[in-house]
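Q: Numbered according to the UniProt record's numbering, the sequence shown terminates at residue 166, and the numbering increases by one at each position without gaps. Just so you know, even glycine gets a beta-carbon here, dropped at the ideal spot from N, CA and C. The structure presented is a predicted model; accordingly, all values stated were derived computationally and were not measured. First the structure, then my questions, so here it is.
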Amino acid sequence: MTSNKELGLETIIFQYIDELKFLFFPDKWSSVFLDYSKNEILALLLLYRNKKANMTEIAEYISAPLNTATGVVGRLEKKLMVERLRDKEDRRVVNIVLTKVAEDFIEQEKGTISHYFEEVVKTLSDDEKKAALSIFRKVASVLKNDKSTSDHNDKAEKRVKRIIIE
Numbered sequence: 001m002t003s004n005k006e007l008g009l010e011t012i013i014f015q016y017i018d019e020l021k022f023l024f025f026p027d028k029w030s031s032v033f034l035d036y037s038k039n040e041i042l043a044l045l046l047l048y049r050n051k052k053a054n055m056t057e058i059a060e061y062i063s064a065p066l067n068t069a070t071g072v073v074g075r076l077e078k079k080l081m082v083e084r085l086r087d088k089e090d091r092r093v094v095n096i097v098l099t100k101v102a103e104d105f106i107e108q109e110k111g112t113i114s115h116y117f118e119e120v121v122k123t124l125s126d127d128e129k130k131a132a133l134s135i136f137r138k139v140a141s142v143l144k145n146d147k148s149t150s151d152h153n154d155k156a157e158k159r160v161k162r163i164i165i166e
């Protein structure tokens, strides 16, 4: 008979972490991939899908303030992954685009991810694929709804504190 501790959520989570930790080892992915922050990866993916974006669009996509997006783009420029291009019709508009190096990098990483995804999908029956997709959608929905609820609560609870300076 299994104890409650064995069936606890924490135990299940740690078991999955232990089983899947290899996904975070550099030998599974190109080591270059691990040299980028979450915001840098998200910005690269946005630019890959949309071909170009301005700083405001990047900031909204990564859910960060404009000054953070500017820093992200600046770091990506230093890594030769993006470049800023002025619009030919309106010189005030600056668009961010991927360089050829970035496009090649993303294609290579897509290939790696696709390989692992295909390996997993090959082992699943049609019913298991449908169930996995349904579970993934439910998990994403719950996490998304919980995030928006907690964001709303955080905003409602924030109050201006009076600081007395002597």
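Could you tell me the boundaries of the alpha helix (DSSP H) in which N67 lies?
A: Reading the sequence shown from its first residue, position 67 is the one you call residue 67. Where N67 is concerned, the enclosing alpha helix (DSSP H) stretches over L66 to K78.
Q: So L46 and V82 are in contact, right, with Cβ under 8 Å, and what is the actual spacing, rounded?
A: On the sequence shown, position 46 is the one that residue 46 refers to. On the sequence shown, position 82 is the one that residue 82 refers to. Rounded, the Cβ-Cβ distance is 11 Å, inconsistent with contact.
Q: Could you check if V142 is buried or exposed, using at least 16 other CB atoms within 10 Å of its CB as the buried criterion?
A: Here residue 142 refers to the residue found at position 142 of the sequence shown. Exposed, because fewer than 16 other Cβ atoms sit within 10 Å of the Cβ of V142.
Q: Using the rule of at least 16 other Cβ atoms within 10 Å of the residue's Cβ for burial, across every protein chain shown, is L76 buried or exposed?
A: Against the sequence shown, residue 76 aligns to sequence position 76. L76 is buried by the Cβ-count criterion.
Q: Going by CA-CA distance only, name the one from V94, L34, D35 and V139 that's closest to E57.
A: Position 57 of the sequence shown, counted from the first residue, corresponds to residue 57. Measuring from the Cα of E57, the nearest candidate turns out to be V94.
Q: For M55, tell me which candidate among K38, I41 and G74 has the shortest Cα-Cα distance.
A: In the sequence shown, residue 55 corresponds to position 55, counting from 1. If we check each option's Cα against that of M55, G74 comes out closest.
Q: For R91, name the three-state secondary structure that DSSP assigns.
A: Start at 1 with the first residue of the sequence shown, and residue 91 comes out as number 91. It is coil, neither helix nor strand.
Q: Specify, as a first and last residue, the run of the alpha helix (DSSP H) that L45 falls within.
A: If you number the sequence shown from 1, residue 45 lands on position 45. K38 to N50 is the span of the alpha helix (DSSP H), which, as asked, contains L45.
Q: Note down the Cα distance separating V72 from E109, rounded to an integer number of angstroms.
A: On the sequence shown, position 72 is the one that residue 72 refers to. On the sequence shown, position 109 is the one that residue 109 refers to. Roughly 20 Å between the two C-alpha positions.
Q: If you draw a straight line from the C-alpha of Q15 to the C-alpha of G111, how long is it?
A: Walking along the sequence shown from the start, residue 15 turns up at place 15. Walking along the sequence shown from the start, residue 111 turns up at place 111. So the two alpha carbons sit approximately 28 Å from each other.
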